[in-house]
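K.L.:
Under this note's numbering, the first residue of the sequence shown is numbered 447, with each subsequent residue one higher. Glycine residues also receive a C-beta, built at the ideal position from the N, C-alpha and C atoms.
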Amino acid sequence: MVITEDRVGMALDLLKVVSSLNLNISAMEVSPGVGYLKIDMCEKETMEELIDRIENLDGVSETRFIELLPFEERERQIRAVIDSVDEGIVAIDKNGTITIFNHSAERIFNLDEDEVLGKPAAEILAGDIPILRSIKTGQCYDNEEIILRTNRGTSHYITTGRPIMNEKEHIVGAVASIKDINKVIELVYSMTSPPSITFSDILGISESITYAKNIAKMVATSNSTVLIRGESGTGKELFARSIHMSSSRKDKPFVPVNCGALPDTLLESELFGYEEGAFTGARKGGKQGLFRFAHGGTLFLDEIGELSPQLQVKLLRVLQGGKVRRVGGTEEISVDVRVIAATNNNLEEMMKEGLFREDLYYRLNVVPLFIPPLRDRKEDILILVENFIEQVGKNMGKPIKGITRQAMERLMEYHWPGNVRELSNVIERGINLVEGSYIEERHIILDTRYMESSYETGSSWYGENLKDILEETEKRVLSHAVEKLGSSRKIGKALGLSHTAVIKKLRKYNLEK
Numbered sequence: 447m448v449i450t451e452d453r454v455g456m457a458l459d460l461l462k463v464v465s466s467l468n469l470n471i472s473a474m475e476v477s478p479g480v481g482y483l484k485i486d487m488c489e490k491e492t493m494e495e496l497i498d499r500i501e502n503l504d505g506v507s508e509t510r511f512i513e514l515l516p517f518e519e520r521e522r523q524i525r526a527v528i529d530s531v532d533e534g535i536v537a538i539d540k541n542g543t544i545t546i547f548n549h550s551a552e553r554i555f556n557l558d559e560d561e562v563l564g565k566p567a568a569e570i571l572a573g574d575i576p577i578l579r580s581i582k583t584g585q586c587y588d589n590e591e592i593i594l595r596t597n598r599g600t601s602h603y604i605t606t607g608r609p610i611m612n613e614k615e616h617i618v619g620a621v622a623s624i625k626d627i628n629k630v631i632e633l634v635y636s637m638t639s640p641p642s643i644t645f646s647d648i649l650g651i652s653e654s655i656t657y658a659k660n661i662a663k664m665v666a667t668s669n670s671t672v673l674i675r676g677e678s679g680t681g682k683e684l685f686a687r688s689i690h691m692s693s694s695r696k697d698k699p700f701v702p703v704n705c706g707a708l709p710d711t712l713l714e715s716e717l718f719g720y721e722e723g724a725f726t727g728a729r730k731g732g733k734q735g736l737f738r739f740a741h742g743g744t745l746f747l748d749e750i751g752e753l754s755p756q757l758q759v760k761l762l763r764v765l766q767g768g769k770v771r772r773v774g775g776t777e778e779i780s781v782d783v784r785v786i787a788a789t790n791n792n793l794e795e796m797m798k799e800g801l802f803r804e805d806l807y808y809r810l811n812v813v814p815l816f817i818p819p820l821r822d823r824k825e826d827i828l829i830l831v832e833n834f835i836e837q838v839g840k841n842m843g844k845p846i847k848g849i850t851r852q853a854m855e856r857l858m859e860y861h862w863p864g865n866v867r868e869l870s871n872v873i874e875r876g877i878n879l880v881e882g883s884y885i886e887e888r889h890i891i892l893d894t895r896y897m898e899s900s901y902e903t904g905s906s907w908y909g910e911n912l913k914d915i916l917e918e919t920e921k922r923v924l925s926h927a928v929e930k931l932g933s934s935r936k937i938g939k940a941l942g943l944s945h946t947a948v949i950k951k952l953r954k955y956n957l958e959k
C-alpha cells in the first residue's frame with residue numbers, strides 16, 4: 447500500500463518504477479491519496495529496491511505491506527455471505543455461462559464449483575432449466591419444482607429466479623436460489639420424534655421476553671389454538687416447539703410447515719394428503735398428509751398469512767370439524783391435532799383488504815401470543831451473542847474465545863430489522879471471517895450493500911446485494927405487467943403467482959391502479 451498526495455500522474459509514476467525493475471503487477475487498485483500494488487514474487491533485494499524508489503517519488507509519504515488488496519477483501523466478504531446461505535445460489539451471464547455456484551449448489555447438484563464455473567449451464571445442468579428461460583424472456587419465476595437427471599444422479603429441487611437487468615433494461619444475466627426438495631420436505635416432516643427445544647432454550651432476561659415466555663407457558667397446558675405474532679426472525683418457531691414440549695402432546699409429533707415455502711398445489715397435497723391417482727405423478731397408494739401425520743400432536747403453520755384463499759377454506763373446515771379430506775378423495779378422516787399458527791403479517795389489515803378470511807382469523811386467534819422484536823430487548827443481545835459464538839464456533843471447529851468491546855458496541859447500536867435470526871447470521875458471518883480468537887469490529891458486517899463483488903465486473907448489479915437486485919427486478923417486471931395486462935388475475939396467470947401474492951406485491955411497490 448502506498449500513501450501519497452492526490453496528484454495527477456501518481457499512478458503512472460508508480461507503474462514506471464515497477465517497470466524499471468522488470469517486475470510484473472498482477473493487480474492494482476487506486477483511489478485518491480492511496481494506491482495498492484500486488485507484485486509477483488521477486489528477490490528480497492529487488493523488493494527493497496522497489497520500496498526505496500517508490501518512497502523517493504514526489505508526494506509519497508509512506509509504504510506499507512498488506513495481506514489483501516481492498517477488492518480481494520471485499521471478494522472474501524461477499525463469498526463468505528454467499529457460502530453461508532443454506533440455499534443454493536446459481537448465477538449466469540447473458541450467454542448462459544455459470545458465474546456463481548455456491549457450496550449449497552455444489553451439494554444439491556453433486557458438482558464441484560471448479561467443474562462448472564465458466565461452463566454453459568445448458569451443458570452442465572440442462573437446456574430447459576428455468577434460469578435459462580429467464581435470460582431469454584426476462585420473466586421471473588417462483589417455487590418451480592424441478593427434477594433434473596444428469597450423469598451425476600438425480601437432483602430434485604424447488605427454484606426461484608430473477609433476470610438481472612442493466613440501467614437500459616437489457617438482460618445481462620440471471621440469478622436463482624435452489625432449495626433441495628429433501629430440505630423442503632424437512633420443513634414439513636422435520637420432526638418424527640418429540641423435539642428437544644424447551645422454554646429454557648429461549649434466551650433472554652428482558653421484561654418483554656420474560657412476559658412472552660410466561661404467557662406461552664400458561665397456554666401450553668391447554669389444547670387451544672395459538673396464533674403467534676412477531677416480526678421475521680424473532681423466534682416464533684422456538685415458542686411453538688416449547689409450547690408443544692410443555693403440553694400433554696409432547697410425546698407425539700411436532701410437525702412444522704412453512705406455508706410460504708411451497709407452491710399451492712404441493713402445499714395442499716402435503717397438508718391434506720392425496721388419493722392414489724389423484725393427479726399425474728401421485729405415488730401408488732396415495733399419501734396420508736401432515737394433519738394425519740401430526741395426529742395426537744401439534745401442527746405448526748408458519749407464515750399463515752401466505753395461504754391462498756382456496757387453502758384458507760380447506761383449513762377452516764379442518765379447524766371447525768376436526769376432519770380432513772384427501773385430495774381426490776371423498777372420505778373424511780378424523781384428526782386430533784393442536785394447531786399453532788404464526789405470522790409476521792398484519793392479518794387485521796389483510797381481512798379489511800379481503801386477503802384473509804375473517805372466520806379463519808377468529809378460529810386461529812383463540813390465544814394470541816406476541817413476540818417482541820430484538821430492538822426492544824437489547825439487554826438480551828450479549829446473552830444471545832455468547833450463545834451463538836459458542837454454538838457456531840463449535841459447529842465450525844473454530845475455538846472463538848469471545849467478542850471485542852468495539853464489536854459489541856456496534857451490535858448494541860444496530861436496529862436489527864431481521865431480529866434474532868439476523869444477529870445469528872451476523873455472528874456466523876463474523877466467525878467465517880475471523881482468523882484469530884476474537885470477533886473484532888471489522889468482522890461485524892451489518893449491511894452487505896456496500897460490499898462490491900468482483901465475480902461479474904462490469905455487470906449492472908456490481909456493488910449491490912442480492913435482495914436489492916431481486917426487489918428492483920421484481921418491481922420492474924410487475925410494473926411492465928400492470929401496464930400490459932392490467933388485471934391482477936391476468937398478471938398472476940402470466941407470472942405464475944397466486945392472485946393474493948400479486949395484490950400484495952403490487953401494494954408493496956405502490957403499483958396499484
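(1) Looking at Leu578 and Gly542, is the spacing between their C-beta atoms short of 7 Å?
(2) Can you name, in chain order, every residue of its own chain whose Cβ lies under 8 Å from the Cβ of Arg522, other than the five neighbours on each side?
(3) Taking only runs of the beta strand (DSSP E) that begin and end inside the segment 479 to 558, which ones reach a length of at least 3 residues, in chain order?
(4) Helix or strand or just coil, what does DSSP make of Ala740?
(5) Taking Cβ positions, are Arg823 and Trp862 nearer each other than 7 Å?
(6) My assumption, with CB atoms under 8 Å, is that Pro576 sits in contact with Thr605. Please give the rounded CB distance.
(7) Since Leu747 and Cys705 should fall inside the 8 Å C-beta cutoff, what is the C-beta to C-beta distance between them, to a whole number of angstroms?
(8) Over the uninterrupted alpha helix (DSSP H) stretch that includes His945, give me the two end residues.
(9) For the beta strand (DSSP E) containing Asp602, name the first residue and the last one.
(10) Under DSSP, the beta strand (DSSP E) around Phe700 begins and ends at which residues?
(11) CA-CA distance, Asn470 and Ile512?
(12) Secondary structure at Ser477, three-state DSSP: helix, strand or coil?
(13) For Thr744, is the classification buried or exposed, using 16 other Cβ atoms within 10 angstroms of its Cβ as the cut-off for buried?
(14) Under the three-state reduction of DSSP, which class applies to Glu778: helix, strand or coil?
(15) Just verifying my parser: in three-state terms, what is the DSSP assignment at Ser472?
(16) To the nearest angstrom, report how far apart Glu874 and Gly882 are at their CA atoms.
(17) Output yes or no for whether 7 Å exceeds the beta carbon distance between Ala551 and Val536.
(18) Can you tell me which residues form a DSSP beta bridge with Glu590?
(19) Starting from Arg809, trace the alpha helix (DSSP H) both ways and give me its first and last residue.
(20) Counting only runs that start and end within the segment 790 to 862, where is the beta strand (DSSP E) found for 3 or more residues in a row?
(21) Taking only three categories from DSSP, how would you classify Val785?
(22) Label His690 either buried or exposed according to how many other C-beta atoms from any shown protein chain fall within 10 Å of its C-beta, with 16 as the threshold for buried.
P.N.:
Reading from the atomic positions:
(1) yes
(2) Leu514 and Leu879
(3) 480 to 485, 506 to 509, 534 to 539 and 544 to 547
(4) coil
(5) no
(6) 6 Å
(7) 6 Å
(8) His945 to Lys954
(9) Position check: residue 602 holds His in this sequence, whereas Asp was assumed. Element bounds for His602: Gly599 to Met611.
(10) Phe700 to Asn704
(11) 18 Å
(12) strand
(13) Buried: at least 16 other Cβ atoms inside 10 Å.
(14) Strand.
(15) In this structure, Ser472 counts as strand in the three-state DSSP scheme.
(16) 15 Å
(17) yes
(18) Thr605
(19) Judged by DSSP secondary structure, Arg809 falls within the alpha helix (DSSP H) whose first and last residues are Glu804 to Leu810.
(20) Entirely contained in the segment 790 to 862, the beta strand (DSSP E) runs reaching 3 residues are, in chain order, 813 to 816.
(21) Residue state, collapsed to three classes: strand.
(22) buried
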